[in-house]
Amino acid sequence: MKLCKSFRLIISGDVMTGRGIDQILPHPGDSQIYEGYLHSSVDYVRLAETQSGRLPEDIPFSYPWGDALTEMDNRSPAARIINLETAVTGCDDYCRGKGINYRMHPDNMPCLTAAKIDVCTLANNHVLDWGYGGLKETLLSLRSVGLAQAGAGGDLPEASAPAIITAGDSRILVFACGHPSSGVPGDWGAGDDRPGINLLPDLSPQCADTLVREIVKHRRVGELLMVSIHWGGNWGYQVPEEQRDFAHRLVDAGVDLVCGHSSHHPKGIEIYRQRPIFYGCGDLINDYEGISGHDAFRPELRILYSVDLDRESGEVRGVELIPFESHKLRLCRATAADTAWLQKTLNREYRSIGMHLETTESGLMLRC
């Protein structure tokens, strides 16, 4: 049987299964939170119900993924990769003074396995929300169900090591790192004898070169490379020049896919030297329904990305954007009108980096 030349990945931005999402799943953890805005995770469920109506009873683990489950299955990817932006823990040692603390109870791990997730990147500003004990339990919880992770660990060598995806005789290495611009506290960086995340000090050329040297230690001939980066603010379409320069430097050194996230809405995609760079994938799952203040960005609209890379060269063969709307804390296929809004807005904002989206029967396709 001839092996398909393309290596298909399903990737997403932030998946926040903590707080309100955790409360609607079969095994909700302690609902107490330490925010100036609200004091119980249940209140985020009530906000969503106030806006969209009462949620169903007896919600299954798969509920938040909604229509995304079928869309992923229909594309038969080699792997599904998410940025898991929550601690998976019952630990009560919350990060004081941080303002927002996400956690999902470990007994709700079937929420991730129901979506057949393969890799969780963890180098973000919420994985240590419940302290080092919470991080340790998060890592153990993921390993207990066979989920690979990258970007956090018991020390720097573990946090900087890649997750490895194997499909036939091909492999892709997934590295993850975070940057302070996304809100990662400076003391969350892992050290030689300290747990934490793979934290970039800056986005300088020297930092990019250091990251590349670390990547090269792990790479074998013929393997593809993906770098996941949690960077930038939550709102706004602008892509800082330092992000573009950093991503270009990674591709110049041999990285095949750069996946950025942190923004609560989708941002631009650039094809540089036939490699895709996602500057901000946007949120996929969260409990923000009913929270106002940034309506112009249409944060209820979410995108799942299907990326085809050539197994031999690493060059991009296709990028599909699958749009959804979050309704009652569940992903529903976006309407034609909402898909058209995404197309118009993203094409307008990112024409300068060569991005052009065309409509298809199932969503949007990036013209590569």
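First residue of the sequence shown: 825, per our numbering; consecutive thereafter.
Ideal Cβ positions, reconstructed from N, Cα and C, are used throughout, including at glycine.
Item checked: Cβ-based neighbour list, Met825, same chain, cut-off 6 Å, excluding 5 preceding and 5 following -> Here residue 825 refers to the residue found at position 1 when the sequence shown is read from its first residue. Its pLDDT being 35, under 50, Met825 is placed unreliably by the model, and nothing is read from it.
Checklist line | According to DSSP, residues forming a beta bridge with Ser830 | finding: The sequence position of residue 830 within the sequence shown is 6, counting from 1. Bridge partners of Ser830: Asp1134.
Next item on the list: Would you identify the three-state DSSP class for Pro1029, choosing helix, strand or coil?
Entry: Against the sequence shown, residue 1029 aligns to sequence position 205. Pro1029: helix per DSSP, three-state reduction.
Notebook entry, point to check: If Ile1095 sits next to Phe831, beta carbons under 8 Å apart, how far is it from one beta carbon to the other, in whole angstroms?
Noted result: If you number the sequence shown from 1, residue 1095 lands on position 271. If you number the sequence shown from 1, residue 831 lands on position 7. In this structure Ile1095 does not touch Phe831 by the C-beta definition: roughly 17 Å separates them, more than the 8 Å allowed.
Check: Looking at the structure shown, is Pro1147 part of a helix, part of a strand, or coil, going by DSSP?
Finding: Looking up residue 1147 in the sequence shown gives position 323. Correct three-state label for Pro1147: strand.
Check: With C-beta atoms as the reference, is Ala947 less than 8 Å away from Arg927?
Finding: If you number the sequence shown from 1, residue 947 lands on position 123. If you number the sequence shown from 1, residue 927 lands on position 103. Not closer than 8 Å, so no.
Check: Between Thr937 and His863, what straight-line distance do the alpha-carbon atoms span, to the nearest angstrom?
Finding: Sequence index remark: in the sequence shown, residue 937 carries index 113 (1-based). Sequence index remark: in the sequence shown, residue 863 carries index 39 (1-based). Roughly 29 Å between the two C-alpha positions.
Notebook entry, point to check: In the DSSP assignment, what residue or residues form a beta bridge with Asn907?
Noted result: Residue 907 sits at position 83 when you count from the first residue of the sequence shown. Answer is Asp838 and Thr945.
Notebook entry, point to check: Which of helix, strand or coil does DSSP assign to Pro1100?
Noted result: Locating residue 1100 in the sequence shown gives position 276, counting from the first residue. Correct three-state label for Pro1100: strand.
Notebook entry, point to check: Arg1043 by DSSP, collapsed to three states: which one?
Noted result: Position 219 of the sequence shown, counting from 1, holds the residue named residue 1043. In the structure shown, Arg1043 sits in coil (DSSP, three-state: anything other than H, G, I, E or B).
Item checked: Local conformation of Tyr1174 per DSSP, three classes -> The residue given as residue 1174 occupies position 350 in the sequence shown. Coil at Tyr1174, not helix or strand.
Item checked: Entirely enclosed alpha helix (DSSP H) segments - the segment 906-938, minimum 4 residues -> 934-937
Check: What first and last residue would you give for the alpha helix (DSSP H) that runs through Asp846?
Finding: What you label residue 846 is simply residue 22 of the sequence shown in a count that begins at 1. Residues Gly844 to Ile848.
Next item on the list: Can you give me the Cβ contacts of Asp1016 inside the same chain, cut-off strictly under 8 Å, excluding the 5 residues immediately before and after it?
Entry: If you number the sequence shown from 1, residue 1016 lands on position 192. Same-chain partners within the cutoff: Asp979, Leu980 and Pro981.
Item checked: Boundaries (first-last residue) of the alpha helix (DSSP H) holding Ser876 -> Here residue 876 refers to the residue found at position 52 when the sequence shown is read from its first residue. Ser876 -> alpha helix (DSSP H) spans Val866 to Ser876.
Next item on the list: Could you have a look at Ser994 and say whether DSSP puts it in helix, strand or coil?
Entry: Taking the sequence shown and counting its residues from 1, one reaches residue 994 at position 170. Here Ser994 sits in strand by DSSP.
Note to self: Tell me the rounded alpha-carbon separation between His950 and Asp916.
What the structure shows: Taking the first residue of the sequence shown as position 1, residue 950 is located at position 126. Taking the first residue of the sequence shown as position 1, residue 916 is located at position 92. C-alpha separation (whole angstroms): 14 Å.
Margin query: Nearer than 7 Å: is that true of the beta carbon of Pro1029 relative to any heavy atom of the ligand ZN?
Written below: What this structure holds is no ligand at all, so the ligand ZN is not there to describe.
Check: Rounded to whole angstroms, how far is the Cβ of Ser836 from the Cβ of Leu1181, which I believe are closer than 8 Å?
Finding: One-based indexing of the sequence shown puts residue 836 at position 12. One-based indexing of the sequence shown puts residue 1181 at position 357. With 8 Å as the limit, Ser836 and Leu1181 do not qualify as a contact, their Cβ atoms being about 17 Å apart.
Notebook entry, point to check: At which residue ranges does the segment 1062-1125 contain complete beta strand (DSSP E) runs of 3 or more residues, listed in the order of the chain?
Noted result: 1081-1085, 1093-1096, 1099-1102 and 1107-1109
Note to self: Using 8 Å as the cut-off, can you tell me whether the segment 853-873 makes contact with the segment 901-911, which would need three or more C-beta pairs spanning the two stretches below that distance?
What the structure shows: no
Checklist line | Whole-angstrom distance between Leu871 and Ile1146, CA atom to CA atom | finding: The residue you call residue 1146 lines up with position 322 of the sequence shown. The residue you call residue 871 lines up with position 47 of the sequence shown. Cα-Cα distance, rounded: 26 Å.
Checklist line | Backbone CA spacing between Pro930 and Leu964 [nearest angstrom] | finding: On the sequence shown, position 106 is the one that residue 930 refers to. On the sequence shown, position 140 is the one that residue 964 refers to. Cα-Cα distance, rounded: 9 Å.
Notebook entry, point to check: Do Leu1188 and Leu1155 have their C-beta atoms within less than 8 Å of each other?
Noted result: Sequence index remark: in the sequence shown, residue 1188 carries index 364 (1-based). Sequence index remark: in the sequence shown, residue 1155 carries index 331 (1-based). No; because the gap between Cβ atoms is not below 8 Å, this pair is not in contact.
Check: Roughly how many angstroms lie between the CA atoms of Gln856 and Thr841, to the nearest whole one?
Finding: Start at 1 with the first residue of the sequence shown, and residue 856 comes out as number 32. Start at 1 with the first residue of the sequence shown, and residue 841 comes out as number 17. The straight-line gap from Cα to Cα measures roughly 16 Å.
Note to self: Count Cβ pairs between the segment 951-963 and the segment 1045-1058 that sit closer than 8 Å; are there 3 or more?
What the structure shows: no
Check: By Cβ distance, which residues of its chain are closer than 8 Å to Met896, with the 5 residues on each side in sequence left out?
Finding: Walking along the sequence shown from the start, residue 896 turns up at place 72. Around Met896: Ile834, Arg904, Ala939, Lys940 and Leu1128.
Checklist line | Endpoints, beta strand (DSSP E) assigned at Arg967 | finding: Residue mapping note: residue 967 aligns to position 143 of the sequence shown, counting from 1. No beta strand (DSSP E) contains Arg967, which is instead part of the alpha helix (DSSP H) from Gly955 to Ser968.
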